[in-house]
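J.: If you're matching them up, the sequences are chains A and B in order.
With my numbering as the guide, the letters of the first sequence map in order to residues 1 to 345.
With my numbering as the guide, the letters of the second sequence map in order to residues 1 to 345.
There are 2 protein chains.
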Amino acid sequence: MTMPSEMKALLLIGDGYARTPTASVLEAMEPYLRPGRIAVPTPGPTQVLIKVGLASINPSDVMFVKGQYGQPRVKGQPAGFEGVGTVVASGDEAYPKSLIGKRVAFATGVSNWGSWAEYALAEAAACIPLLDTVRDEDGAAMIVNPLTALAMFDIVREEGEKAFIMTAGASQLSKLIIGLAREVGFRPIVTVRRNDQIASLKELGAAHVLNEKASDFKAVLREVIKAEQPRIFLDAVTGPLASTIFDAMPRRARWVIYGRLDPEPTIILEPGQMIFQHKHIEGFWLSEWMRQFRDRRGPAILEAQQRFSDGRWSTDVTAIVPIAEAMARIPAELAKPNGKVFLRP
Amino acid sequence: MTMPSEMKALLLIGDGYARTPTASVLEAMEPYLRPGRIAVPTPGPTQVLIKVGLASINPSDVMFVKGQYGQPRVKGQPAGFEGVGTVVASGDEAYPKSLIGKRVAFATGVSNWGSWAEYALAEAAACIPLLDTVRDEDGAAMIVNPLTALAMFDIVREEGEKAFIMTAGASQLSKLIIGLAREVGFRPIVTVRRNDQIASLKELGAAHVLNEKASDFKAVLREVIKAEQPRIFLDAVTGPLASTIFDAMPRRARWVIYGRLDPEPTIILEPGQMIFQHKHIEGFWLSEWMRQFRDRRGPAILEAQQRFSDGRWSTDVTAIVPIAEAMARIPAELAKPNGKVFLRP
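Right, here's the structure in full:
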């Protein structure tokens, strides 16, 4: 197969980490990304080159391009942590070679050749050959969110209390977790920002859906917490909302921070609760989880693929944006609620 | 022995918990305590009645009388969590009976008959018969601080990094921990509020003593942390000082809150550190530790008594205040740095 020598990509403008943190919202593309042409990379011995079909845009991508994610940016390289596509070239080892011609879901990990490009590099071990029954939209969002959902729901399950709380309840990730919870009779309490998100989340399996903008939010929150006694708080937001929730939670509550959607200061309202009520604050990062639980990764990926194949899980699509329109359209598409935005290179 | 029917005591004014938290400083006695006369209590089967020799005033006592401690106040009862004295009566069981006539260190625990009185009730199991080599001043402060010191230094030792950080470095508790650390070659980094506290703490075994009021405090803190890589942060203060320290600490740092000396808001400056640097925030409470580690309590008390006997530990005395002068003098004595204040009933 003849490969072009150059490709289109969305390239990182910043290098390393941001000096001052900003909101997790992508207010504009221009400060962080530029469209460009760059040489098509050559896979190393354990890698494959993938012709990208669809690339997903996750909250972690936004944090990364803004220099606020747990790994440094490399200026001039393509962004994008995951996608779906066809393997078109590989390194010399047997397993990468065996993937040639296959449609795969892939995570770019530490390769620094992201998915927001016509071609991406990934470790063969970070590729999942897809069943035909998995849609491209599900394959492109097969790794980051599903593994995070399975890993975080493990935390809930191990704690043992059936009720738990999540902010950003209408996110794709929260929806996956709500689905997992329903299957085993657990009771997710989730917060949203709009009333029109409530019905569909209840239908999906949320025990309570609270609008954080409602005037009686705090009173309702206290009532629900008193009745349900949740121990785990999976938090994508931080700031005053998260502080209020953690403060209202019972003894031995664990605040698990995995995102920072609100740049407002995050206050521990009652430090005495850490002392006398044995509360904890901790974080969750998929990369750390994968390091700690290597043996969970394979089964979790298989489970995700089965769930997307049989329809238990399905990715809601807000928009599929051609790469040529990305600079103009992405921020506005990301601002829309409820679904996922994809790039088509 | 003939017992009086009434006794002098400092009695709690408040009931239950405070509605709004205030500083951990005892700004005045009058809102919280009143001198009074009350019937001498009768010990239950497992209890002893102690003629109090000295009662200590710990930060936890101050939090308790202000309604900010982990157990509710009972209006009209005497305050005071620990002291030293002579057992003058007991319940019917054999062990309490065997303590009659003995000088003991005692903790009042949940008896609601505190040590700030001529007589106090304690569970016999919460009394330690003292060696003659232990001074009254050490006996009266034998339980709360020493057990907390031993328990919290256990946390440091289990984490494994030799360097660790403490706020309120000149407190009696911090000094005990510094002594423990020196014996096994650990490196305490402590903060103080005055330069004249630095030399004596270094002599005691602190690797670094930082004045939090110094203009270059933050720069020095960052340098010391970079060089020493402390993982555990034992914090009595919270507020902006503690936030700054935790923010500067390396990956996998654990902020262990055991006091709340600063009522200013406690902010998690970079919630992303919880996610990407695997940092944790937790609390320490002696009562919780004793529940969790019952088998550690006896050996720890023995170790404390040996340390006070052989001079490895010694309680610095700021003042011994007769109970008749308590209302007028206690707040001012507590405001003096470096030592412990005792009540003599």
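C-beta atoms are modelled at their ideal positions from N, C-alpha and C, and glycine is treated no differently.
(1) For the segment 238-265 of chain B, which residues have a CB atom closer than 8 angstroms to at least one CB atom of chain A, in sequence order?
(2) Answer yes or no: do T46(B) and G16(B) have a C-beta to C-beta separation smaller than 7 angstroms?
(3) Does any residue of chain A bring its CB to less than 7 angstroms from the CB of I232(B)?
(4) Roughly how many whole angstroms lie between the Cα atoms of E282(A) and I268(A)?
(5) With a threshold of 8 angstroms, are at least 3 pairs of Cβ atoms found where one atom belongs to the segment 109-117 of chain A and the other to the segment 305-317 of chain A?
(6) Out of R297(A), H278(A), H280(A), K162(A), which has the shortest C-alpha to C-alpha gap to S287(A)?
(7) Between G80(B) and chain A, is there a C-beta pair that is closer than 7 angstroms?
(8) How far does the alpha helix (DSSP H) with R19(B) in it reach, from first residue to last?
(9) Would I282(A) pass as an interface residue toward chain B - the criterion being a Cβ-Cβ separation below 7 angstroms?
(10) Which partner residues does R135(A) have in the DSSP bridge list?
(11) Classify L302(A) as buried or exposed, calling it buried when 16 or more other Cβ atoms lie within 10 Å of its own Cβ.
(12) What whole-angstrom Cβ distance do K51(B) and V88(B) have, given they're in contact under 8 angstroms?
(13) Can you tell me where the alpha helix (DSSP H) holding T86(B) begins and where it ends?
(14) Please specify which runs of the beta strand (DSSP E), each continuous and at least 3 residues long, are wholly inside the segment 164-207 of chain A, giving them in chain order.
(15) Out of P240(B), D136(B), A219(B), M249(B), which has the shortest C-alpha to C-alpha gap to I165(B)?
(16) Would DSSP call T318(B) helix, strand or coil?
(17) For T108(A), is the classification buried or exposed, using 16 other Cβ atoms within 10 angstroms of its Cβ as the cut-off for buried?
(18) Return helix, strand or coil for L10(A), following the three-state DSSP convention.
(19) Taking the beta strand (DSSP E) that Q47(B) falls in, what are its first and last residues?
(20) Using a C-beta cutoff of 7 angstroms, does M152(B) count as contacting chain A?
(21) Going straight from the alpha carbon of K75(A) to that of T42(A), what length do you get?
(22) So is the beta-carbon of D196(B) under 6 angstroms away from any non-hydrogen atom of the ligand FAD?
(23) Determine, for G70(A), whether the minimum Cβ-Cβ distance to residues of chain B falls below 7 angstroms.
(24) Just to make sure I have the definition right: I need the residues of chain B whose C-beta is within less than 7 angstroms of the C-beta of K348(A). Which are they?
(25) Here's the rule I'm using: 16 or more other beta-carbon atoms within 10 Å means buried, otherwise exposed. How should L131(A) be labelled?
(26) Run through the DSSP bridge pairs and tell me what A120(A) is partnered with.
(27) When DSSP labels each residue in this structure, what does I143(A) get in the three-state scheme?
(28) Classify F293(A): buried if its beta carbon has 16 or more other beta carbons within 10 angstroms, exposed otherwise.
(29) Taking the DSSP output, what are the residues bridged to N338(B)?
(30) Return the CA-CA distance between A18(A) and P78(B), expressed in angstroms with no decimal places.
(31) Using a Cβ-Cβ cut-off of 7 angstroms, state whether F276(A) counts as contacting chain B.
(32) Do you know offhand how far S200(B)'s Cα is from K218(B)'s?
(33) Decide yes or no for the touch test of the segment 186-199 of chain A against the segment 120-138 of chain A: beta carbon pairs closer than 8 angstroms, at least 3 of them.
(34) Within 10 angstroms of the Cβ of K8(A), are there 16 or more other Cβ atoms? Answer buried if so, exposed if not.
(35) What are the partner residues of T266(B), as DSSP defines its beta bridges?
(36) Please state the DSSP three-state secondary structure of P347(A).
T.: Concretely, from the data shown:
(1) T238, I257, Y258, G259, R260, P265
(2) Residue numbering aside, residue 46(B) sits at position 46 when the second sequence is read from its first letter. Residue numbering aside, residue 16(B) sits at position 16 when the second sequence is read from its first letter. Not closer than 7 angstroms, so no.
(3) Your numbering for residue 232(B) matches position 232 in the second sequence. Not closer than 7 angstroms to any Cβ of chain A, the Cβ of I232(B) fails to qualify, so no.
(4) Position 282 of the first sequence, counted from the start, is the residue given in the question as residue 282(A). Position 268 of the first sequence, counted from the start, is the residue given in the question as residue 268(A). Computed Cα separation, rounded: 13 angstroms.
(5) no
(6) By 1-based counting over the first sequence, the position of residue 287(A) is 287. Measuring from the Cα of S287(A), the nearest candidate turns out to be R297(A).
(7) The sequence position of residue 80(B) within the second sequence is 80, counting from 1. It does not: the Cβ of G80(B) has no partner Cβ on chain A nearer than 7 angstroms.
(8) On the second sequence, position 19 is the one that residue 19(B) refers to. Taken as a continuous stretch (DSSP letters only), R19(B) belongs to no alpha helix (DSSP H), as it is neither H nor E.
(9) Walking along the first sequence from the start, residue 282(A) turns up at place 282. The amino acid at residue 282(A) is misidentified as Ile; the sequence shows Glu. Using beta-carbon distances, E282(A) counts as an interface residue toward chain B, with a partner under 7 angstroms.
(10) Indexing the first sequence from 1 puts residue 135(A) at position 135. Beta-bridge partners of R135(A) (DSSP): none assigned.
(11) Position 302 of the first sequence, counted from the first residue, corresponds to residue 302(A). Its Cβ having fewer than 16 others within 10 Å, L302(A) is exposed.
(12) Taking the first residue of the second sequence as position 1, residue 51(B) is located at position 51. Taking the first residue of the second sequence as position 1, residue 88(B) is located at position 88. Indeed, because the Cβ distance is near 5 angstroms, the residues count as touching under 8 angstroms.
(13) Your numbering for residue 86(B) matches position 86 in the second sequence. Here T86(B) belongs to no alpha helix (DSSP H); instead the beta strand (DSSP E) covers 82-90.
(14) 187-192
(15) As a position in the second sequence, residue 165(B) is number 165, starting the count at 1. The shortest C-alpha separation from I165(B) is found at M249(B).
(16) To locate residue 318(B), count along the second sequence from 1; it is residue 318. Looking at T318(B) - three-state DSSP - the assignment turns out to be strand.
(17) Residue mapping note: residue 108(A) aligns to position 108 of the first sequence, counting from 1. When all chains shown are included, T108(A) counts as buried.
(18) Taking the first sequence and counting its residues from 1, the one referred to as residue 10(A) is at position 10. Strand at L10(A).
(19) Sequence index remark: in the second sequence, residue 47(B) carries index 47 (1-based). Taken as a continuous stretch (DSSP letters only), the beta strand (DSSP E) holding Q47(B) covers 47-57.
(20) The count along the second sequence starts at 1 and reaches residue 152(B) at position 152. Judged by the 7 angstroms Cβ criterion, M152(B) is not in contact with chain A.
(21) Here residue 75(A) is taken as the residue at index 75 of the first sequence, counted from 1. Here residue 42(A) is taken as the residue at index 42 of the first sequence, counted from 1. Cα to Cα, the separation comes out at about 19 angstroms.
(22) The ligand FAD is not part of the structure shown, which contains no ligands of any sort.
(23) Indexing the first sequence from 1 puts residue 70(A) at position 70. Closer than 7 angstroms: yes.
(24) Examination of residue 348(A) is not possible in this model, given that chain A is present from 1 through 345 alone.
(25) One-based indexing of the first sequence puts residue 131(A) at position 131. The residue in question, L131(A), is exposed, as its Cβ has fewer than 16 Cβ neighbours within 10 Å.
(26) The residue labelled residue 120(A) in the question sits at position 120 within the first sequence. Its beta-bridge partners are I50(A).
(27) Here residue 143(A) refers to the residue found at position 143 when the first sequence is read from its first residue. Looking at I143(A) - three-state DSSP - the assignment turns out to be coil, as it is neither helix nor strand.
(28) Taking the first residue of the first sequence as 1, we reach residue 293(A) at position 293. Result: exposed.
(29) Mapped onto the second sequence, residue 338(B) falls at position 338. Its beta-bridge partners do not exist; DSSP assigns none.
(30) Start at 1 with the first residue of the first sequence, and residue 18(A) comes out as number 18. Start at 1 with the first residue of the second sequence, and residue 78(B) comes out as number 78. Distance between the alpha carbons of A18(A) and P78(B) is about 56 angstroms.
(31) Walking along the first sequence from the start, residue 276(A) turns up at place 276. By this cut-off, F276(A) is an interface position.
(32) As a working mapping, residue 200(B) is identified with position 200 in the second sequence. As a working mapping, residue 218(B) is identified with position 218 in the second sequence. Taking the straight line joining both Cα atoms gives about 22 angstroms.
(33) no
(34) For the purposes of this step, residue 8(A) is taken as residue 8 along the first sequence, with counting starting at 1. By the Cβ neighbour-count rule, K8(A) is buried, with 16 or more other Cβ atoms within 10 Å of its own.
(35) In the second sequence, counting from the first residue as 1, residue 266(B) sits at position 266. The partner list for T266(B) (beta bridge, DSSP) reads I268(A).
(36) For chain A, the structure presents residues 1 to 345; residue 347(A) sits outside this window and is missing.
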